[in-house]
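Colleague:
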Ligand SMILES: C[S@@+](CC[C@H](N)C(=O)[O-])C[C@H]1O[C@@H](n2cnc3c(N)ncnc32)[C@H](O)[C@@H]1O
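Residue numbers (the numbering used here): 4 to 218.
(1) Kindly provide the ranges of any alpha helix (DSSP H) runs that are 4 or more residues long and lie completely inside the region 25–102, ordered along the chain.
(2) Have a look at 92, 98, 90 and flag the residue whose alpha-carbon is nearest the alpha-carbon of residue 82.
(3) Taking only heavy atoms of ligand 1 into account, decide whether any of them is closer than 8 Å to the Cβ of residue 166.
(4) Does the Cβ of residue 50 lie closer than 8 Å to at least one heavy atom of ligand 1?
(5) Among all the DSSP beta bridges, which residues are the ones paired with residue 184?
(6) Which value, in whole angstroms, describes the spacing of the CA atoms of residue 18 and residue 66?
(7) Report all residues from its chain with a CB closer than 6 Å to the CB of residue 180; omit the five preceding and five following residues, and keep chain order.
(8) Anyone know if the C-beta pair for residue 158 and residue 205 falls short of 9 Å?
(9) Please classify residue 159: does DSSP put it in a helix, a strand, or coil?
(10) What is the rounded straight-line gap between the Cα of residue 86 and the Cα of residue 74?
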């Protein structure tokens with residue numbers, strides 16, 4: 004069972020193999036030019052450097068993360084100064100150097116809405132199947148009706164009952180609706196022996212978007 008404690012323990016014990024030192028290449032490749040000051044939501048953000056890249060493009064970025072350790076590491080690693088305040092169960096960290104806030108707490112308690120865009124890397128695939136529909140519904144409810152969405156999904160062979168979970172294309176479409184489109188697919192097992200060494204014959208990483216209305 005993937006509970007909040009599972010994730011807190013992963014951070015406590017430093018088992019954060021999902022964290023990338025750089026900015027995600029698919030984010031750079033597939034993020035469109037949105038109007039400056041667009042409000043971008045990054046659910047389950049960890050201490051991702053993608054937050055910084057998005058904020059540096061001029062967007063108002065809000066990341067939501069359960070683990071206080073992740074938040075503190077993110078702020079410390081990047082030498083950010085910040086202010087904090089509490090809103091019910093959520094602790095809000097407002098970064099001074101960039102238009103960036105990190106909300107520490109359970110994403111399902113986060114109720115702000117009207118975001119213009121959403122970036123999901125390793126968030127949907129972190130959710131167990133029992134919570135995945137709720138996760139996507141809760142995310143979509145945070146967005147404006149014509150928001151841009153970029154999702155990175157994974158599909159691999161074999162059984163694995165810990166995140167990241169493998170999702171069929173049909174499940175991604177049924178979760179996000181017919182407007183989501185697959186825009187790229189890369190079999191990481193072809194380029195990185197790590198995956199074949201772990202027994203995967205394929206390990207596909209796909210990028211999906213819900214395009215802007217005028218595209
Ligand atoms: C697989 S990691 C991905 C982190 C980040 N998106 C990245 O690309 O590095 C999933 C993250 O979601 C966080 N998380 C899991 N459940 C959560 C919840 N209910 N609310 C907020 N964060 C959550 C975990 O602590 C973890 O940092």
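Glycine included, C-beta positions come from ideal geometry on N, C-alpha and C.
Modeller: On the basis of the coordinates in this document:
(1) 28–33, 53–59, 71–80
(2) 98
(3) yes
(4) yes
(5) 212
(6) 20 Å
(7) none
(8) yes
(9) strand
(10) 13 Å
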